[in-house]
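Residue numbers (the working numbering): -4 to 396.
Just so it is clear, CB atoms sit at the ideal spot from N, CA and C, and this is done for glycine as well.
Since the structure comes first, as structure tokens, the remarks are kept for the end.
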């Protein structure tokens, strides 16, 4: 009995030591700058849609953005419990850093190492976790203002900014702040200027950001990107869209055309050029560009949504009932694709309900309205639009009192 108690106590002691070691590692892990400490929650993004977009982007992105995309893909696979794919994608991210950023390797690898440490910790591989924490600590020691396991340098802030921007629109403000801090330390780096300009451009497009739009001006930073890198076709096409909004049409057209000449098969350039033509040019040119983009990225919710917007314009200008009905049917098809690829695109849901009303499919419209009103993930401004549209349906189409 005494021997048995001794073995039990020894086992308990081993378990207690193991628990203490794991708790100690957890404390260290929480100091890291990586995906696991950035509060990237499942409810803030459509993971399947995001995986598809990231995989598509890797076929067309610069190496710096591939590092971000593979890091995010690794994190998503881990959330889904697929650690094999997680480690494969972290390996790809590390390989790109080693190959393309040899002189900046230690600055660029910190986030990837942090992700490795967390993944191994969650797999209960504590020796591997400690090994990566040691690597991070060794790098951080080289920076005078670093803590034991983290350091605020432009490379870390920039990668965080890109990651937050790609993950979800709910993180755009935080992404903007990351790029601001990176630019304070390194104002002439095109990568941080580009990220800052793009996130400002996107924030200016948010309906609920009308106050913020008075404080930020993406035009200034898009021009700055082109000063630093005159060949940046993304900055060209985005600047073209903004200049057209300011009625500087001649310069806007030149920029969009130049962007298409430099990147004729880049899906994002095609998409934004299509946006330009839908708002300021030819509807047929817009549809032609979107058709080309759709062939390259058939699961793009952005492209399907833009096609639907074009078709709606054509519905409004069509005289014959047969043509009108066919256009509405086509519009519904593309909006259903948006709903499938990106369920959180609530504006597209509202748009789809509108098309169901136009085609007298009132029950389907009501289903969408009730779903949006019941969802906690729909913004108040979108719910306000739903209440208005639902009221119009009841008043004008169902003749309710």
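Residue i and residue j closer than 8 Å at C-beta
i	j	result
residue 74	residue 42	yes
residue 350	residue 327	yes
residue 249	residue 228	no
residue 223	residue 194	no
residue 299	residue 324	no
residue 287	residue 255	no
residue 269	residue 291	no
residue 148	residue 138	yes
residue 233	residue 267	yes
residue 273	residue 243	no
residue 169	residue 159	yes
residue 150	residue 102	yes
residue 124	residue 112	yes
residue 157	residue 60	yes
residue 278	residue 309	yes
residue 127	residue 20	no
residue 162	residue 82	no
Residue i beta carbon near the ligand ADP (any heavy atom closer than 7 Å)
i	result
residue 386	The model depicted lacks the ligand ADP and carries no ligand whatsoever.
Residue i classed as buried or exposed, judged by whether at least 16 other C-beta atoms fall within 10 angstroms
i	result
residue 70	buried
residue 143	exposed
residue 305	buried
residue 237	buried
residue 459	No statement about residue 459 is possible, as the shown extent of the chain runs from -4 to 396 and does not include it.
residue 93	exposed
residue 372	exposed
residue 76	exposed
residue 384	buried
residue 259	exposed
residue 79	exposed
residue 189	buried
residue 315	exposed
residue 215	exposed
residue 37	exposed
Selected residue, minimal CA-CA separation from residue i, among the options
i	options	result
residue 174	108, 192, 302	192
residue 167	179, 201, 181, 134	201
residue 68	100, 55, 110, 92	110
residue 321	303, 20, 78, 335	303
residue 105	273, 154, 114, 118	154
residue 31	280, 83, 366, 107	107
residue 334	361, 295, 356, 357	295
residue 241	370, 261, 340, 275	275
residue 370	339, 348, 215, 183	339
residue 64	45, 126, 78	45
residue 171	212, 235, 22	212
residue 356	124, 20, 392	392
residue 53	18, 246, 262	262
residue 145	29, 165, 230, 219	29
residue 358	389, 33, 136	389
residue 48	96, 22, 293, 98	293
residue 341	164, 33, 271, 246	164
residue 379	33, 135, 345	345
Coarse secondary structure for residue i, derived from DSSP in three states
i	result
residue 291	helix
residue 119	coil
residue 60	helix
residue 200	coil
residue 372	coil
residue 266	helix
residue 254	helix
residue 26	coil
residue 146	coil
residue 75	coil
residue 158	helix
residue 389	helix
residue 205	Because residue 205 carries a pLDDT of 49, less than 50, the predicted location of this residue cannot be relied on, and the following value inherits that uncertainty. Helix at residue 205.
residue 276	coil
residue 113	helix
residue 314	coil
Between the CA atoms of residue j and residue i - distance to the nearest angstrom
i	j	result
residue 187	residue 152	9 Å
residue 181	residue 140	16 Å
residue 122	residue 72	22 Å
residue 197	residue 368	25 Å
residue 397	residue 89	Only positions -4 to 396 of the chain appear in this structure, which leaves residue 397 out of reach.
residue 50	residue 337	15 Å
residue 226	residue 353	45 Å
residue 330	residue 343	6 Å
residue 311	residue 217	34 Å
residue 313	residue 319	6 Å
residue 100	residue 66	16 Å
residue 282	residue 297	13 Å
residue 120	residue 24	14 Å
residue 251	residue 231	6 Å
residue 382	residue 307	21 Å
residue 366	residue 16	47 Å
Below-8 Å beta-carbon distance, residue i vs any chain B residue
i	result
residue 200	No chain B is part of this structure, which consists of one protein chain only.
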